[in-house]
Structures are given as structure tokens and as C-alpha cells.
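Each remark here refers to the structure printed beneath this line.
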Amino acid sequence: MAKRGGFPGGMMPGNMNNLMKQAQKMQKQMEETTKELEEKEYEATAGGGVVKVKINGKKEITEINIDKDAFDREDEDLFEDIEENVMAAVNEAIRLQAEDEKAQMGKITGGMGGGFPF
Numbered sequence: 007m008a009k010r011g012g013f014p015g016g017m018m019p020g021n022m023n024n025l026m027k028q029a030q031k032m033q034k035q036m037e038e039t040t041k042e043l044e045e046k047e048y049e050a051t052a053g054g055g056v057v058k059v060k061i062n063g064k065k066e067i068t069e070i071n072i073d074k075d076a077f078d079r080e081d082e083d084l085f086e087d088i089e090e091n092v093m094a095a096v097n098e099a100i101r102l103q104a105e106d107e108k109a110q111m112g113k114i115t116g117g118m119g120g121g122f123p124f
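The sequence shown maps to residues 7 to 124 in the numbering used here.
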């Protein structure tokens, strides 16, 4: 005779409560870590240090510095490279931020992947 009521898969009510508590704790940790990450700053350089870019944890560029003393004003080839160097520095700063975010969130989720839909 089959049992009526109960929980599918044999999950006991106490286990469900523990699971919910763990999920709430994990969600709180993820929110705190997200806030901490948003307050961080990431810096990257390109072109041998000619271009320096800083971004915050919200992936917003906060500073771009181009060392004007690093090139001769008549050197047109270097001017053409500046755009590429700015892009490379920005992309590296964003990559560093994403790498740090993934590492921090992985500590909370135990490597279970991204966030949860709650």
C-alpha cells in the first residue's frame, strides 16, 4: 500500500527547512560579495605602460591615462596604435574584474556555477 501525503522523493520536512536556510544564507553571501566586488577597482596597462585603464566592480571605466611623454609628436604610427592599446587595456581590466567576480562567487556556491534564480 502506497503512502499518502508526504514529500516526493522521500524528502523529509526538516531536510527541506535546512535546504531553504542554506539557500537563504548563500543568497545573502552572494549579495554581500556582489556589493564588495562593486566597490573594488581594477587596473590594466597596454602598450608597454603607455596606456593605463581603471574600472570599478560595476564594469564602468573610471580612468584612462595615456602617457604623452612616451612618444614623439611626429610619430604617426604610435598615434594609430593608441586606440588599439586603449581597447586592449580596457578589455584586460574587464577580464580581471570578471575573473575576480567568478572566484569570489565560486567560494560561496562551492563551484556549483552561477547564481540561483531567487
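By construction, the Cβ of each residue, glycine as well, lies at the ideal position given by its N, Cα and C atoms.
Practice problem: Using 10 angstroms around the beta-carbon of lysine 74, count the other beta-carbons present and answer buried if the total reaches 16, otherwise exposed. | Solution: On the sequence shown, residue 74 is found 68 positions in, with the first residue counted as 1. Lysine 74 comes out exposed.
Quiz prompt | Span separating the alpha-carbon of phenylalanine 124 from that of glutamate 49 | solution = Walking along the sequence shown from the start, residue 124 turns up at place 118. Walking along the sequence shown from the start, residue 49 turns up at place 43. With a pLDDT of only 42 at phenylalanine 124, under 50, the local geometry of the prediction cannot be trusted, and no value is derived from it.
Exercise. Please report the Cβ distance between lysine 64 and alanine 95, rounded to the nearest whole angstrom; I am assuming they are in contact, meaning their Cβ atoms lie under 8 angstroms.
Key: Position 58 of the sequence shown, counting from 1, holds the residue named residue 64. Position 89 of the sequence shown, counting from 1, holds the residue named residue 95. About 18 angstroms; that fails the 8 angstroms criterion.
Quiz item: What are the boundary residues of the beta strand (DSSP E) that includes glycine 58?
Solution: Here residue 58 refers to the residue found at position 52 of the sequence shown. Before going further, note that residue 58 is lysine rather than glycine in the sequence given. Start and end: 57-62.
Practice problem: Sort out for me which residues DSSP pairs alanine 52 with in a bridge. | Solution: Sequence index remark: in the sequence shown, residue 52 carries index 46 (1-based). Beta-bridge pairing links alanine 52 to Val57.
Practice problem: Excluding the 5 residues preceding and the 5 following threonine 68 in the sequence, name in chain order all residues of the same chain whose CB lies nearer than 8 angstroms to its CB. | Solution: In the sequence shown, residue 68 corresponds to position 62, counting from 1. Around threonine 68: Glu47, Lys60, Ile61, Asn62.
Quiz item: So which of Lys31, Asn24, Asp87 has the shortest CA-CA distance to threonine 115?
Solution: Counted from its first residue, the sequence shown places residue 115 at position 109. Out of Lys31, Asn24, Asp87, Lys31 has the C-alpha closest to the C-alpha of threonine 115.
Self-check item: CA-to-CA distance, glycine 53 to lysine 108, given in whole angstroms
Solution: For the purposes of this step, residue 108 is taken as the residue at position 102 of the sequence shown. For the purposes of this step, residue 53 is taken as the residue at position 47 of the sequence shown. Using only the alpha carbons, I get a separation of about 27 angstroms.
Exercise. Please work out which residues of its chain come closer than 6 angstroms, Cβ to Cβ, to phenylalanine 77, disregarding the five sequence neighbours upstream and downstream, and give them in chain order.
Key: Locating residue 77 in the sequence shown gives position 71, counting from the first residue. The answer, listed in chain order, is Leu84.
Quiz item: Can you list, in chain order, the residues of its chain whose CB lies under 6 angstroms from that of glycine 112, leaving out five sequence neighbours each side?
Solution: Start at 1 with the first residue of the sequence shown, and residue 112 comes out as number 106. Taken in chain order, the list of residues that qualify is empty.
Quiz item: If we ignore side chains and look at the alpha-carbon of each, how far apart do phenylalanine 122 and glutamine 33 end up?
Solution: For the purposes of this step, residue 122 is identified with residue 116 of the sequence shown, where counting begins at 1. For the purposes of this step, residue 33 is identified with residue 27 of the sequence shown, where counting begins at 1. With a pLDDT of 48 at phenylalanine 122, under the threshold of 50, the modelled position of this residue cannot be trusted; read the value that follows with caution. If I take the Cα positions, the gap works out to 8 angstroms.
Practice problem: Using 10 angstroms around the beta-carbon of glutamine 28, count the other beta-carbons present and answer buried if the total reaches 16, otherwise exposed. | Solution: For the purposes of this step, residue 28 is identified with residue 22 of the sequence shown, where counting begins at 1. Glutamine 28 should be labelled exposed.
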